[in-house]
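Chemist:
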């Protein structure tokens with residue numbers, strides 16, 4: 058907006074830029090809406106950080122990556138899928154975790170063998186030539202690592218029971234997993250998660266923490282950003298489409314101030330905006346109140362020893378458990394360094410998120426540590442200094458990302474995207490990429506363009 062000739066003032070309720078895009082480091086605090094405060098007491102080191110909000114950038118999120126390039130934000134790979142990571146379900150294999158590589162190998166082998174049998178029984182809907190039939194058999198043999206008879210009998214893809222070594226040590230392959238147990242596990246959701254377009258390699262992260270992006274954006278604005286400025290009230294001061302608006306805001310000391318602008322770009326999340334005293338159209342206010350946000354949550358631990366690397370050869374990636382913790386993230390940076398920060402739980406919503414938010418920070422940590430024991434026996438004694446965040450209880454956020462129903466996308470979303478001059482709106486909730494920074498960037502760019510067009514129209 059500055060480059061387009063506008064004078065810009067930013068009111069930010071927090072004491073930092075970034076909103077839900079933040080990074081925890083030693084000395085930070087985490088506040089909840091009931092007054093609960095946690096302090097991050099990890100050792101201070103460049104690699105000892107966690108991203109409690111957005112933590113990954115898909116390679117095709119070009120708008121966000123373009124800003125990283127423009128602002129000089131250094132990026133590095135984020136390991137989203139790791140075949141050495143673990144999948145665990147209490148209902149299968151006696152609760153013992155299985156490596157992702159073994160689960161994927163078995164799932165592909167089983168499916169390929171079943172498909173090969175269907176070929177032999179001529180169960181296809183359309184006739185297939187002998188040449189195509191042979192090509193399909195070759196495809197299935199390669200896809201599932203089937204033997205010469207098109208049977209799944211195990212493969213080195215699954216890993217080794219005894220690793221190969223030097224001399225007379227050819228190694229021994231792992232046998233196939235029990236099919237009934239594999240089906241009970243329902244591991245395929247976790248095993249195929251990274252096939253989603255927003256989760257497939259290459260995934261990226263800023264070097265040193267996700268807040269590097271917000272920090273770089275805020276730096277050239279300098280004192281145009283007022284931190285600790287909680288907006289209390291918005292009112293037009295002229296006819297719609299012709300006048301501006303006034304924003305009343307409260308500073309850290311409790312004093313109330315007012316600011317006027319010809320155009321206002323409002324980027325508050327929908328649950329926060331729904332509570333704001335503003336003279337929006339009543340239909341917008343109803344729509345804002347109707348949009349639900351995911352009550353996602355994360356909990357991070359410090360580990361003095363990188364046991365996941367040293368004991369399990371896990372370097373980055375995600376392990377899955379059927380218990381409330383859902384996901385355990387291993388850091389994709391600081392490989393081999395002394396200590397690290399694990400995301401011990403990443404919970405998206407549903408009853409697990411409700412249980413997590415209802416607990417005290419100490420109770421959350423105990424529950425997540427118990428879940429982690431199912432993946433890594435001895436886990437509770439290997440991690441410490443927990444910090445947790447239930448996003449539904451975070452002031453100025455009240456949720457992680459927008460979750461529209463199909464009907465809301467059809468009926469409410471267009472209304473929420475539309476401007477009410479002098480008010481314009483932006484955020485991940487005003488995009489088809491909810492929960493992703495790319496959606497917020499694209500939404501903001503669209504709003505900035507609309508403000509420019511409005512200003513030109515006023516000038517005639």
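Numbering (this note's numbering), first residue to last: 58 to 517.
Ideal Cβ placement from N, Cα and C applies to all residues, glycine included.
1. Counting only the same chain and skipping the five closest in sequence on each side, list residues whose C-beta sits under 7 Å from that of residue 511.
2. For residue 414, tell me which candidate among 313, 369, 90 and 362 has the shortest Cα-Cα distance.
3. Closer than 8 Å is the cut-off here; do at least three beta carbon pairs connect the segment 85 to 101 with the segment 299 to 316?
4. Roughly how many whole angstroms lie between the Cα atoms of residue 79 and residue 202?
5. Relative to the alpha-carbon of residue 327, which residue among 459, 197, 194 and 378 has its alpha-carbon at the smallest distance?
6. Would you be able to state if there are at least three C-beta pairs under 8 Å between the segment 295 to 306 and the segment 102 to 115?
7. CB residue 521 to CB residue 398, shorter than 8 Å?
8. When DSSP labels each residue in this structure, what does residue 263 get in the three-state scheme?
9. Unbroken alpha helix (DSSP H) runs of length 4 or more, entirely within the segment 353 to 389: which are they?
10. Alpha carbon to alpha carbon, how far is residue 376 from residue 226? Give it in angstroms, no decimals.
11. Three-state secondary structure (DSSP) at residue 272?
12. Do you know offhand how far residue 135's Cα is from residue 183's?
13. In terms of alpha-carbon separation, which member of 235, 211, 243 and 237 lies closest to residue 49?
14. How far does the alpha helix (DSSP H) with residue 425 in it reach, from first residue to last?
15. Could you name each continuous beta strand (DSSP E) segment of 3 residues or more that falls completely within the segment 155 to 190, going from the start of the chain to the end?
16. Counting only beta-carbon separations shorter than 8 Å, does residue 398 have a partner in chain C?
17. What span of residues does the beta strand (DSSP E) with residue 333 cover, start to end?
18. Apply the 10 Å Cβ neighbour rule to residue 93 and answer buried if 16 or more other Cβ atoms are within range, or exposed otherwise.
19. Let me make sure I understand the geometry here. Which of 500, 62 and 69 has the alpha-carbon closest to that of residue 283?
20. Just the Cα atoms here: how many angstroms apart are residue 122 and residue 500?
21. Does the beta-carbon of residue 138 have 16 or more other beta-carbons within 10 angstroms, so that it is buried, or is it exposed?
22. Take residue 160 as the anchor and find which of 144, 152 and 151 has the nearest alpha-carbon.
23. Between which two residues does the beta strand (DSSP E) holding residue 321 run?
24. Does residue 397 come out as helix, strand or coil in the three-state DSSP assignment?
25. From residue 128 to residue 324, what distance separates their C-alpha atoms?
26. Please classify residue 491: is it buried, with 16 or more other beta-carbons within 10 angstroms of its beta-carbon, or exposed?
27. Assuming residue 271 and residue 74 are in contact, meaning their beta carbons sit under 8 Å apart, how far apart are those beta carbons, in whole angstroms?
28. Roughly how many angstroms lie between the CA atoms of residue 275 and residue 181, to the nearest whole one?
29. Thinking just about the alpha-carbon of each residue, which of 87, 480 and 104 is nearest to the one in residue 302?
30. Tell me the residue span of the beta strand (DSSP E) that contains residue 305.
Modeler: Taking the coordinates as given:
1. For this step, residue 511 is matched to residue 454 along the chain shown. Cβ neighbours of residue 511 beyond the five flanking positions: 320 and 478.
2. As a first step, residue 414 must be located in the chain shown, where it is residue number 357. Residue 414 has its Cα closest to that of 90, out of 313, 369, 90 and 362.
3. Flag = no, the segment 85 to 101 and the segment 299 to 316 do not touch.
4. By one-based count along the chain shown, residue 79 stands at place 22. By one-based count along the chain shown, residue 202 stands at place 145. Taking the straight line joining both Cα atoms gives about 44 Å.
5. Numbered from 1 along the chain shown, position 270 holds the residue referred to as residue 327. For residue 327, the closest alpha carbon among the candidates 459, 197, 194 and 378 is that of 459.
6. no
7. With the chain represented from 58 up to 517, any question about residue 521 goes unanswered, as that position is not in the structure.
8. Counting from 1 along the chain shown, the entry for residue 263 is found at position 206. Residue state, collapsed to three classes: strand.
9. Residue ranges of uninterrupted alpha helix (DSSP H) with 4 or more members, entirely inside the segment 353 to 389 and ordered along the chain, are 364 to 367.
10. By one-based count along the chain shown, residue 226 stands at place 169. By one-based count along the chain shown, residue 376 stands at place 319. Cα to Cα, residue 226 sits roughly 30 Å from residue 376.
11. Taking the first residue of the chain shown as 1, we reach residue 272 at position 215. In this structure, residue 272 counts as helix in the three-state DSSP scheme.
12. Numbered from 1 along the chain shown, position 78 holds the residue referred to as residue 135. Numbered from 1 along the chain shown, position 126 holds the residue referred to as residue 183. Spanning the two alpha carbons is a distance of roughly 43 Å.
13. The structure shown does not extend to residue 49, since the chain spans only 58 to 517, so no value can be given for it.
14. On the chain shown, residue 425 is found 368 positions in, with the first residue counted as 1. Under the DSSP assignment, residue 425 falls in the alpha helix (DSSP H) whose first and last residues are 418 to 432.
15. Listed in chain order, nothing qualifies, since the segment 155 to 190 has no complete beta strand (DSSP E) run of 3 or more residues.
16. Chain labels in this structure do not include chain C; a single protein chain is all it has.
17. Stepping through the chain shown from its first residue, residue 333 is reached at position 276. Run containing residue 333: none; DSSP gives neither H nor E here.
18. Within the chain shown, numbered from 1, the residue matching residue 93 stands at position 36. Result: exposed.
19. Position 226 of the chain shown holds residue 283. It is 69 whose Cα lies nearest to the Cα of residue 283.
20. Locating residue 122 in the chain shown gives position 65, counting from the first residue. Locating residue 500 in the chain shown gives position 443, counting from the first residue. Going from the Cα of residue 122 to the Cα of residue 500 covers about 15 Å.
21. Against the chain shown, residue 138 aligns to sequence position 81. It is buried - the Cβ of residue 138 has at least 16 other Cβ atoms within 10 Å.
22. Numbered from its first residue, the chain shown carries residue 160 at position 103. Answer by Cα proximity: 144.
23. Stepping through the chain shown from its first residue, residue 321 is reached at position 264. Counting along the chain, the beta strand (DSSP E) containing residue 321 begins and ends at 321 to 323.
24. Position 340 of the chain shown, counted from the start, is the residue given in the question as residue 397. In the structure shown, residue 397 sits in a strand (DSSP, three-state: E or B).
25. Working through the chain shown from its first residue, we reach residue 128 at position 71. Working through the chain shown from its first residue, we reach residue 324 at position 267. Taking the straight line joining both Cα atoms gives about 21 Å.
26. Indexing the chain shown from 1 puts residue 491 at position 434. Per the 10 Å Cβ criterion, buried.
27. Looking up residue 271 in the chain shown gives position 214. Looking up residue 74 in the chain shown gives position 17. About 4 Å separates the two Cβ atoms, so the contact holds.
28. By one-based count along the chain shown, residue 275 stands at place 218. By one-based count along the chain shown, residue 181 stands at place 124. Going from the Cα of residue 275 to the Cα of residue 181 covers about 59 Å.
29. Taking the chain shown and counting its residues from 1, one reaches residue 302 at position 245. Nearest of 87, 480 and 104 to residue 302, Cα basis: 480.
30. As a position in the chain shown, residue 305 is number 248, starting the count at 1. Run containing residue 305: 302 to 307, per the beta strand (DSSP E) assignment.
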